[in-house]
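Input: a single structure, listed below in structure tokens.
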Amino acid sequence: MTELLQHFELAIVIPLLGSLLVLLFHNYPQLREATSIFVAVILFIFTAQFIGSENQDISHTLFTITPGLSLAFHIEPLGLMFALLASSLWIITTVYSIGYMRGNKENNQTRFYLFFALSIAATMGIAFAANLATLFIFYEALTLCTFPLVTHKQNADAQSGGRTYLGILLGTSIVFFLTAIVITWLQAGSLNFIPGGILQGNIEKTGAIILFTLFMFGIGKAALMPFHRWLPAAMVAPTPVSALLHAVAVVKAGVFSVLKVTVYIFGIDFVTTQNASTWILWIAVATMLISSVIALSKDNFKARLAYSTISQLSYIVIGAALASPLAALGGALHIVTHAFGKITLFFCAGAVYTATKFTQISQFDGLGRHMPFTFSAYLVATISIIGLPPFVGSWSKWFLVEGSINTENYLVLIAFGVSTLLNCAYLLPIALRAFFKAPGNEINDWAPGIKEAPLACVVPLCITALATLVMFFFIQPIYEFLAPVFIK
Amino acid sequence: MLSQHLAVLQVVVPLICAPLCALLPLAKPGNKLGNNLAWLLATLVSLTTFIIALLLTKEVSLHGVISYQLGGWAPPWGIEYRIDHLSVYVLLIVSAIASITMLAARKSVEQEIAHEKISLFYSAFLLCLTGLLGIVATGDAFNIFVFLEISSLSSYALIALGNNRKALTASYQYLIMGTIGATFILIGVGLLYMLTGTLNIVDLQARVPELLSSRTLHAAFAFFTVGISLKLALLPLHLWLPNAYAYAPSMITVFLSATATKVSLYVLFRFFFGLFSNEITFEEFQLDKILLPLSILAILIASSVAIFQDNIKRMLAYSSVAQIGYMTLGISLATKSGSIAGMLHLFNHALIKGGLFLAMACIVLRTGSVQLKNFAGLGKRMPWTMAAILLLGLGLIGVPSTAGFISKWYLLIAALEQNNWLAAAVIVGGSLLAIIYIWKIVEYAYLKSPTRQSDKYFNERIEAPLQMLIPLWLLVAANFYFGLKTSFSYGFAETAINNLFL
Amino acid sequence: MFADYYNYWVAIILMMLGFYIVISDANLIKKIIGLTIFQTSVFILFISMGKVEGGTAPILADGITTYSNPLPHVLILTAIVVGVATTALGLAIIARIHREYGTIDENIIHAQDEEEYEDDDEAAS
Numbered sequence: 020m021t022e023l024l025q026h027f028e029l030a031i032v033i034p035l036l037g038s039l040l041v042l043l044f045h046n047y048p049q050l051r052e053a054t055s056i057f058v059a060v061i062l063f064i065f066t067a068q069f070i071g072s073e074n075q076d077i078s079h080t081l082f083t084i085t086p087g088l089s090l091a092f093h094i095e096p097l098g099l100m101f102a103l104l105a106s107s108l109w110i111i112t113t114v115y116s117i118g119y120m121r122g123n124k125e126n127n128q129t130r131f132y133l134f135f136a137l138s139i140a141a142t143m144g145i146a147f148a149a150n151l152a153t154l155f156i157f158y159e160a161l162t163l164c165t166f167p168l169v170t171h172k173q174n175a176d177a178q179s180g181g182r183t184y185l186g187i188l189l190g191t192s193i194v195f196f197l198t199a200i201v202i203t204w205l206q207a208g209s210l211n212f213i214p215g216g217i218l219q220g221n222i223e224k225t226g227a228i229i230l231f232t233l234f235m236f237g238i239g240k241a242a243l244m245p246f247h248r249w250l251p252a253a254m255v256a257p258t259p260v261s262a263l264l265h266a267v268a269v270v271k272a273g274v275f276s277v278l279k280v281t282v283y284i285f286g287i288d289f290v291t292t293q294n295a296s297t298w299i300l301w302i303a304v305a306t307m308l309i310s311s312v313i314a315l316s317k318d319n320f321k322a323r324l325a326y327s328t329i330s331q332l333s334y335i336v337i338g339a340a341l342a343s344p345l346a347a348l349g350g351a352l353h354i355v356t357h358a359f360g361k362i363t364l365f366f367c368a369g370a371v372y373t374a375t376k377f378t379q380i381s382q383f384d385g386l387g388r389h390m391p392f393t394f395s396a397y398l399v400a401t402i403s404i405i406g407l408p409p410f411v412g413s414w415s416k417w418f419l420v421e422g423s424i425n426t427e428n429y430l431v432l433i434a435f436g437v438s439t440l441l442n443c444a445y446l447l448p449i450a451l452r453a454f455f456k457a458p459g460n461e462i463n464d465w466a467p468g469i470k471e472a473p474l475a476c477v478v479p480l481c482i483t484a485l486a487t488l489v490m491f492f493f494i495q496p497i498y499e500f501l502a503p504v505f506i507k
Numbered sequence: 015m016l017s018q019h020l021a022v023l024q025v026v027v028p029l030i031c032a033p034l035c036a037l038l039p040l041a042k043p044g045n046k047l048g049n050n051l052a053w054l055l056a057t058l059v060s061l062t063t064f065i066i067a068l069l070l071t072k073e074v075s076l077h078g079v080i081s082y083q084l085g086g087w088a089p090p091w092g093i094e095y096r097i098d099h100l101s102v103y104v105l106l107i108v109s110a111i112a113s114i115t116m117l118a119a120r121k122s123v124e125q126e127i128a129h130e131k132i133s134l135f136y137s138a139f140l141l142c143l144t145g146l147l148g149i150v151a152t153g154d155a156f157n158i159f160v161f162l163e164i165s166s167l168s169s170y171a172l173i174a175l176g177n178n179r180k181a182l183t184a185s186y187q188y189l190i191m192g193t194i195g196a197t198f199i200l201i202g203v204g205l206l207y208m209l210t211g212t213l214n215i216v217d218l219q220a221r222v223p224e225l226l227s228s229r230t231l232h233a234a235f236a237f238f239t240v241g242i243s244l245k246l247a248l249l250p251l252h253l254w255l256p257n258a259y260a261y262a263p264s265m266i267t268v269f270l271s272a273t274a275t276k277v278s279l280y281v282l283f284r285f286f287f288g289l290f291s292n293e294i295t296f297e298e299f300q301l302d303k304i305l306l307p308l309s310i311l312a313i314l315i316a317s318s319v320a321i322f323q324d325n326i327k328r329m330l331a332y333s334s335v336a337q338i339g340y341m342t343l344g345i346s347l348a349t350k351s352g353s354i355a356g357m358l359h360l361f362n363h364a365l366i367k368g369g370l371f372l373a374m375a376c377i378v379l380r381t382g383s384v385q386l387k388n389f390a391g392l393g394k395r396m397p398w399t400m401a402a403i404l405l406l407g408l409g410l411i412g413v414p415s416t417a418g419f420i421s422k423w424y425l426l427i428a429a430l431e432q433n434n435w436l437a438a439a440v441i442v443g444g445s446l447l448a449i450i451y452i453w454k455i456v457e458y459a460y461l462k463s464p465t466r467q468s469d470k471y472f473n474e475r476i477e478a479p480l481q482m483l484i485p486l487w488l489l490v491a492a493n494f495y496f497g498l499k500t501s502f503s504y505g506f507a508e509t510a511i512n513n514l515f516l
Numbered sequence: 002m003f004a005d006y007y008n009y010w011v012a013i014i015l016m017m018l019g020f021y022i023v024i025s026d027a028n029l030i031k032k033i034i035g036l037t038i039f040q041t042s043v044f045i046l047f048i049s050m051g052k053v054e055g056g057t058a059p060i061l062a063d064g065i066t067t068y069s070n071p072l073p074h075v076l077i078l079t080a081i082v083v084g085v086a087t088t089a090l091g092l093a094i095i096a097r098i099h100r101e102y103g104t105i106d107e108n109i110i111h112a113q114d115e116e117e118y119e120d121d122d123e124a125a126s
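Protein chains in written order, with the working numbering: chain A, 20 to 507; chain B, 15 to 516; chain C, 2 to 126.
Structural data, given as structure tokens:
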């Protein structure tokens with residue numbers, strides 16, 4: 020038994036088995052959803068038991084497809100952190116999904132839970148991938164598994180959203196990512212993730228710059244402009260999907276891959292000496308600012324959150340591109356801190372939709388009085404994302420800012436400042452509107468009937484909001500967990 | 015005792031059984047046994063050829079090249095059947111696809127072919143199989159022409175059996191272009207014979223290098239290039255292919271798409287690297303200079319045209335033209351790794367495209383049409399068939415863990431080794447176009463509900479019979495097996511090319 | 002030059018004639034005729050190359066040392082059979098085309114196909 024538990028690849032198998040069970044129980048909704056939660060909990064416990072062995076250099080090669088392409092997995096802090104993040108939030112999201120899917124009487128719920136579990140399996144594959152080839156296989160699998168979730172509604176909107184989603188994600192990955200992987204293979208003769216990188220001494224300066232650019236654009240899930248359109252397009256999906264996948268699993272898989280490539284393929288030192296990331300740094304800064312401005316202009320709640328996500332993802336890419344250990348650490352931390360903040364915001368969006376069918380921010384006037392828990396959680400998560408203490412979002416921003424000062428990139432520092440102001444400008448008014456504005460006509464029409472969304476929706480969002488507060492005080496262990504990756 | 019004659023049995027078995035098939039009692043409506051007899055024979059013969067090909071594979075991988083002297087006449091005077099790694103690789107594909115086609119064929123053929131022609135249909139099929147196997151087995155240049163014509167003539171007849179009257183014009187067009195192609199090859203063979211006095215390919219290879227200054231040799235090479243390109247449907251000589259594939263009986267499309275152009279590609283390998291040599295082909299005649307731009311155009315143009323097709327069989331046919339472009343692109347990189355990648359794609363594409371056309375046969379059987387709008391709602395109505403189309407489509411796009419990905423991976427490596435960024439860009443760009451046309455089908459099948467006008471059953475489940483689904487899913491499984499395990503598909507291609515190249 | 006290689010010139014001229022007919026003529030039967038001429042020119046090329054100057058028929062006889070090469074003739078025997086089969090098949094297809102379309106003029110057939118294209122889906126298989 021303990022023998023079996025050493026096989027951390029089971030983290031991929033568990034959700035796969037879960038998806039099979041979901042399929043098996045398709046006629047028994049209660050059982051089906053109980054299974055989903057059960058599998059999620061098992062997965063979390065399973066991944067959690069590897070805490071402590073992340074620096075022991077455990078890796079398994081399952082089999083080799085062809086030279087260069089082998090299916091191999093390893094445990095390292097960054098990946099374990101990502102796996103823990105995704106699996107823990109999967110539990111909460113599953114609870115939330117039950118409330119949401121039933122509250123909105125969605126069709127094809129079995130398919131929904133099935134592909135949700137498959138997506139988690141793919142995410143686990145990305146988290147534990149020991150080389151670029153394995154990462155790429157699961158990266159593509161994740162795109163394909165989430166497509167049925169994005170097009171869940173099966174109407175014209177879903178179709179066009181799905182097209183953009185698939186077109187950009189598959190397109191960038193095949194054109195840029197795959198090319199970059201092949202070049203890496205030809206230059207370095209290996210695709211393994213190795214601390215310190217594998218490219219040092221194998222590629223000259225221009226080559227390094229081109230390759231880094233190919234990687235960053237190729238990882239379309241990181242949503243660097245101009246390849247960001249898929250994320251707003253994915254918002255046609257049911258909200259639990261937007262919450263877990265398009266605020267956590269899928270987008271974080273993107274920036275996680277960015278960090279992995281920077282740290283384990285290039286090596287932070289190599290990126291610094293070759294200045295490989297200069298271009299990408301400015302593109303990320305531009306993405307951060309432009310998408311914030313676009314977010315300001317969006318009245319659709321989920322669209323605004325989507326552009327906010329694009330902007331926040333760029334923080335992480337900037338962290339990688341600054342090529343300083345502290346900034347990269349800040350980026351990695353931001354994966355966690357932003358995840359909790361943003362999933363709360365999406366949960367709120369879903370809760371509002373379930374309770375009122377409102378999707379536009381202008382409809383929210385005075386809604387806070389009817390849904391106090393939802394909007395309190397919203398406010399908490401907003402402050403965390405803006406980066407104010409005592410919420411956890413402040414830590415990752417702190418490290419990012421410190422990194423930009425250390426590398427003397429003062430323009431980036433200023434950009435961070437501007438971006439924080441923009442964050443306030445597009446997130447805070449929603450809470451203020453809900454709490455302090457007089458109720459609008461639409462609410463009056465609804466008024467007697469409005470109350471909080473089902474408990475299964477409200478409890479998860481309160482938990483994640485609380486988590487942003489609690490984690491503020493427990494940042495030390497997370498820092499120490501991740502530090503070995505970046506700081507020697 | 016028999017095992018010594020495997021090389022010739024590979025060709026003779028289907029050749030003898032073809033007329034037998036025609037002699038079987040004519041099928042009549044209601045006469046079950048009579049209807050199935052011809053099918054049974056053709057299936058058994060196809061399976062036998064597959065087994066022989068497997069035995070030959072074992073033999074070749076253990077003992078190397080098999081040389082069989084027909085009638086005991088020693089080469090270079092007599093006709094030699096010569097089986098090496100390259101030959102068995104293609105023999106295996108052809109016979110495997112023939113077996114799968116035949117296993118699935120019964121119901122589809124009963125529906126699409128007039129009763130009195132069924133046994134003739136199977137007879138022509140076996141002749142076509144004979145021709146294709148013969149091309150690969152023989153080591154004699156003139157013999158290749160003869161077998162080429164056997165396979166072509168029977169495929170013209172088979173295509174003309176399609177239900178739509180356009181099948182007739184398609185077949186006629188193919189006949190004209192195919193005959194011109196074959197005649198060009200014949201001229202090439204004649205010119206070479208004029209120069210050397212031999213027709214044996216091994217013998218020819220030994221003599222060709224002394225004759226490099228001869229203009230006749232140049233002319234022969236040029237005739238070969240054009241003739242093979244016609245047979246191969248290399249853009250811009252592909253005009254016969256889309257209609258022929260679109261209007262042929264469903265099962266014939268399955269077979270031809272996965273074998274006919276592949277065997278033509280084999281002829282290209284055999285002539286340009288076996289008869290001439292890679293040095294002569296690339297350095298003296300600079301084939302790569304013309305093949306590269308044509309391949310690039312084939313990939314880009316044919317994929318783009320495929321996007322705008324509403325008849326899915328024709329869409330897949332254009333996709334085939336594009337995929338042939340990938341294979342020739344590999345060859346035109348003028349390196350070993352390029353040719354290996356081209357060879358590998360030949361193998362993988364046969365599985366993928368054979369499977370896709372087989373799925374089309376299922377859809378024709380159940381709905382009678384492969385027009386795009388007819389696909390609306392098929393995801394629910396024919397779930398297994400559509401799932402197969404989706405998975406094979408992913409292979410065509412080149413999603414990792416499918417066979418198609420392995421091809422793209424090696425093609426990309428070969429292109430980037432040469433720092434040929436244009437070729438690399440085209441390889442990945444072609445995949446993007448493939449996403450578009452495959453996803454058109456997927457969207458219709460899964461995201462649209464059936465329109466009343468497009469069909470009479472509307473919501474009923476109309477899954478294809480198991481007899482067709484099992485062969486179809488065998489191909490799907492192969493698509494993933496060879497995407498995860500490449501020791502045979504890549505290993506054999508590598509040995510074949512290594513032996514072929516100087 | 003011309004006289005030395007007259008057999009080649011004959012073959013080339015025939016070949017081009019045949020080829021031209023195939024390309025230019027809209028009548029399907031005439032195309033087949035062109036194709037046959039085209040093939041026949043290649044047969045002539047083969048047969049003429051088997052002739053050895055001063056050689057006789059390849060039958061062993063006393064006093065004769067030079068024989069013509071019989072192999073090309075044998076090859077062409079096969080090729081002729083192939084050619085006949087092609088012609089027969091082509092004509093058979095044309096007969097059926099005539100039954101279905103009522104014409105053997107390529108342009109008219111194309112026009113009919115174009116018309117049919119819109120309601121293609123019902124008939125296509």
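Ideal placement from N, C-alpha and C gives every residue a C-beta, glycine not left out. Source: prediction; values computed, not measured.
Beta-carbon proximity check, I335(A) vs V431(A), cutoff 7 Å: Locating residue 335(A) in the first sequence gives position 316, counting from the first residue. Locating residue 431(A) in the first sequence gives position 412, counting from the first residue. Not a contact, by the Cβ cut-off of 7 Å.
N-terminal and C-terminal residue of the alpha helix (DSSP H) that A13(A) is part of: Nothing in the structure corresponds to residue 13(A), since chain A is present only between 20 and 507.
Backbone secondary structure at R96(B) - three-state DSSP: Looking up residue 96(B) in the second sequence gives position 82. Three-state result, R96(B): strand.
Cβ contact (3+ pairs, closer than 8 Å) linking the segment 317-325 of chain B and the segment 262-281 of chain B: no
Cα-Cα separation, S75(B) to H99(B): For this step, residue 75(B) is matched to residue 61 along the second sequence. For this step, residue 99(B) is matched to residue 85 along the second sequence. Rounded to the nearest angstrom, the two C-alpha atoms are 7 Å apart.
Start-to-end residues for the beta strand (DSSP E) that takes in S78(A): For the purposes of this step, residue 78(A) is taken as residue 59 along the first sequence, with counting starting at 1. Run containing S78(A): 78-85, per the beta strand (DSSP E) assignment.
Where E123(C) sits in the DSSP three-state scheme: Translated into positions along the third sequence, residue 123(C) becomes position 122. In this prediction, E123(C) has a pLDDT of 49, which is less than 50 and means its spatial position is unreliable; what the coordinates show is noted afterwards. Here E123(C) sits in helix by DSSP.
Cβ neighbour criterion (16 or more within 10 Å) applied to K271(A): Working through the first sequence from its first residue, we reach residue 271(A) at position 252. With 16 or more other Cβ atoms within 10 Å, it is buried.
Residues near A438(B) by beta carbon distance below 8 Å, same chain, minus five either side: Along the second sequence, read from residue 1 onward, the residue named residue 438(B) stands at position 424. Taken in chain order, the residues that qualify are L426, A429, L430.
Chain-order list of residues whose beta-carbon lies under 7 Å from that of F454(A) (same chain, five-residue window excluded): Position 435 of the first sequence, counted from the start, is the residue given in the question as residue 454(A). Answer for F454(A): G387, F394, listed in chain order.
Terminal residues of the beta strand (DSSP E) in which I80(B) lies: On the second sequence, residue 80(B) is found 66 positions in, with the first residue counted as 1. From DSSP, the beta strand (DSSP E) with I80(B) extends over 80-83.
Closest Cα partner of T80(A) within the set V304(A), F147(A), L501(A), Y184(A): If you number the first sequence from 1, residue 80(A) lands on position 61. When each option's Cα is compared against that of T80(A), the closest is F147(A).
Contact residues within the segment 178-199 of chain A, judged by C-beta distance below 8 Å to chain F: Absent from the structure is chain F; the protein chains it does hold are A, B and C.
Beta-carbon proximity check, L372(B) vs V268(B), cutoff 7 Å: Sequence index remark: in the second sequence, residue 372(B) carries index 358 (1-based). Sequence index remark: in the second sequence, residue 268(B) carries index 254 (1-based). Closer than 7 Å, so yes.
Minimum Cβ-Cβ distance from Y340(B) to chain A less than 7 Å: Here the question's residue 340(B) lines up with position 326 in the second sequence. So, not an interface residue.
Min CB distance R97(C) to chain B below 7 Å: As a first step, residue 97(C) must be located in the third sequence, where it is residue number 96. With 7 Å as the cut-off, R97(C) counts as an interface residue toward chain B.
G215(A) vs G98(A) beta-carbon contact at 7 Å: The residue given as residue 215(A) occupies position 196 in the first sequence. The residue given as residue 98(A) occupies position 79 in the first sequence. No.
Within chain C, the residues that G204(B) reaches when beta carbons sit closer than 8 Å: Here residue 204(B) refers to the residue found at position 190 of the second sequence. Here the neighbours are V43, L46, F47, M50, P73.
Minimum Cβ-Cβ distance from R179(B) to chain C less than 7 Å: As a position in the second sequence, residue 179(B) is number 165, starting the count at 1. Judged by the 7 Å Cβ criterion, R179(B) is in contact with chain C.
CB-CB length for A27(C) against N108(C), believed under 8 Å: Residue mapping note: residue 27(C) aligns to position 26 of the third sequence, counting from 1. Residue mapping note: residue 108(C) aligns to position 107 of the third sequence, counting from 1. Correct: roughly 5 Å between the Cβ atoms.
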